[in-house]
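Chemist:
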Ligand code: AMP
């Protein structure tokens, strides 16, 4: 029987996973699951895991009293035990991880070894809220199963093809040399879309394309011949577009104001800008686009939050089109981009000057092509970051996965 590979996406108190055939060719996962509430708390809130099969049916649902500080370890032990019991006889060929930061040196996925772990550890200051949670499970699995190959796939890697100017801030060179650069994120998603475009429109895959990844995290990326040339996220995943709870680009002087006038500590400012702003902050209601769409007809703050979200996307797309020197196509993806026809229509209305002409019926039907003939085309295309990781794993692990 063929081997399987497991893809992990670890957060501070959660762990998402998918199980694939290890050859990476399958379009859908065999199983997908989510561990939640792994942090443990004084109230003794239990951790929970739910696992669904490829058809979406729940095949496992379990809660347990988590040991504070050991939630991820307990989750991984459960996952490996469940995998062994469920996939009797099928070998686990490897585990692939979504790692937010690969720094300037990693333009491709990499097999985990001591040297890589040291290098990724050094990048923690560049992504303090995410990188430690990504590295934790890699370390735990190295301890539990030292011989199991692990592959780190970086959200920054795809953007290393950007020209030097697109990666630089206007800062003294010493800081640039230290790695204070625009890295860009959501790279696994953009890479997946760049790789799928040819199956929708081969000429477009070789052209100038802006991809808008609009989920709870949101960014946009300029692609030329399938390579990233510019992106809205920069040094961190806080920059660029307005997001569910993140502010996106703001004048840095707002931060001085919060520290001086509001008496906030740097850590409090960081937590605030990541988790209390964006759609949630402006609406005062929710970070969830579905909730805001429902409220918008009678709630002016919800309506304005959506309007600002769309306005910021239109402005940033203008900047990316300038970096590309023109536009052949526009792709919407991720939770809002794939599902919210109204956001797609509003963004395209703001880009009428570029000649993008909405096909309202196709848009309402979900695409994939949502524009009429003539002018740059527009598309709604699903992304799949986990499948991108599974494919990388099969390439990195090569013959060992078959
Ligand atoms: P993601 O982070 O990619 O999972 O995207 C999450 C965002 O997608 C949330 O704001 C959701 O409200 C939004 N979303 C998911 N499904 C829909 C839908 N059917 N209509 C509008 N927004 C949606």
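Numbering (the numbering used here), first residue to last: -14 to 387.
Don't be surprised by glycine CBs; every beta carbon is placed ideally from N, CA and C.
1. Apply the 10 Å Cβ neighbour rule to residue 371 and answer buried if 16 or more other Cβ atoms are within range, or exposed otherwise.
2. Check each residue's C-beta against every heavy atom of the ligand AMP and list, in chain order, those closer than 5 angstroms.
3. For residue 369, which residues of its own chain have a beta-carbon under 6 angstroms away from its beta-carbon, when the five flanking residues on both sides are left out?
4. According to DSSP, simplified to helix, strand and coil, what is residue 5?
5. In the structure shown, what three-state DSSP assignment does residue 77 receive?
6. Using only alpha-carbon positions, find the residue among 307, 16, 217, 30 that is nearest to residue 4.
7. What's the C-alpha gap between residue 351 and residue 344?
8. Would you tell me roughly how many angstroms separate the C-alpha atoms of residue 385 and residue 375, rounded to the nearest one?
9. Alpha carbon to alpha carbon, how far is residue 192 from residue 179?
10. Let me know the secondary structure DSSP gives residue 386 once reduced to three states.
11. Any idea which residues DSSP pairs residue 456 with across the strands?
12. Residues in the same chain with beta-carbon distance under 7 angstroms from residue 13, minus the five sequence neighbours each way, listed in chain order, please.
13. By the DSSP assignment, the beta strand (DSSP E) with residue 46 in it spans what residues?
14. Quick one: give me the first and last residue of the alpha helix (DSSP H) that residue 297 is part of.
15. Taking three-plus beta-carbon pairs below 8 angstroms as touching, is the stretch 133 to 149 in contact with the stretch 66 to 86?
16. Could you give the first and the last residue of the continuous alpha helix (DSSP H) run that contains residue 149?
17. From the DSSP output, read off the bridge partner residues of residue 343.
18. Using only CA atoms, which one of 47, 153, 41, 112 lies nearest to residue 222?
19. Hey, would you say residue 63 sits closer than 9 angstroms to residue -13, going by beta carbons?
20. Quick one: complete alpha helix (DSSP H) runs, 4+ long, within the stretch 182 to 218?
21. Who does residue 256 pair with in a DSSP beta bridge?
22. In this structure, how does DSSP classify residue 125 when only helix, strand and coil are distinguished?
23. What would DSSP say about residue 318, mapped onto helix, strand or coil?
24. Excluding five sequence neighbours on each side, which residues of the same chain lie with their C-beta closer than 7 angstroms to the C-beta of residue 261?
25. Closest to residue 37 by C-alpha separation, out of 71, 331, 140, 242, would be which residue?
26. When you compare only the Cα positions, how much space is there between residue 277 and residue 141?
27. With DSSP collapsed to three states, give me the class of residue 89.
28. Taking only three categories from DSSP, how would you classify residue 231?
29. With a threshold of 8 angstroms on Cβ separation, who are the neighbours of residue 26 within its own chain once the five nearest residues in sequence on each side are excluded?
30. Pick helix, strand or coil for residue 362, following the three-state DSSP scheme.
31. For residue 387, count neighbouring Cβ atoms within 10 angstroms of its own Cβ and tell me buried if that reaches 16, exposed if not.
32. State buried or exposed for residue 336, treating a residue as buried only when at least 16 other CB atoms are found within 10 Å of its CB.
Modeler: In short:
1. The residue in question, residue 371, is buried, as its Cβ has 16 or more Cβ neighbours within 10 Å.
2. Selection output, chain order preserved: 200, 201, 273, 274, 275, 319, 320, 321, 324, 325.
3. 177
4. In this structure, residue 5 counts as strand in the three-state DSSP scheme.
5. If DSSP states are grouped into helix, strand and coil, residue 77 belongs with the strands.
6. It is 16.
7. Going from the Cα of residue 351 to the Cα of residue 344 covers about 11 angstroms.
8. For residue 385, the pLDDT reaches just 46, beneath the cut-off of 50, and the residue's location in the model is therefore unreliable, leaving the point undetermined.
9. 11 angstroms
10. Any reading at residue 386 is ruled out, since the residue's pLDDT is 42, under 50, leaving its predicted position unreliable.
11. This structure does not reach residue 456, given that the chain is present from -14 up to 387, and the question cannot be answered.
12. Around residue 13, the same chain offers 39 as residues with beta carbons nearer than 7 angstroms, after the five sequence neighbours per side are excluded.
13. 43 to 49
14. 285 to 309
15. yes
16. First-last of the alpha helix (DSSP H) with residue 149: 149 to 152.
17. 356
18. 112
19. No. Outside cutoff.
20. 187 to 190
21. As DSSP reads the structure, residue 256 sits in no beta bridge.
22. helix
23. strand
24. 230
25. 71
26. 30 angstroms
27. Residue state for residue 89 is assigned as coil, using DSSP reduced to three classes.
28. coil
29. 53
30. strand
31. At residue 387, the pLDDT of 42 sits below 50, so the modelled position is not reliable; the number obtained from the coordinates is stated separately. Exposed, because fewer than 16 other Cβ atoms sit within 10 Å of the Cβ of residue 387.
32. buried
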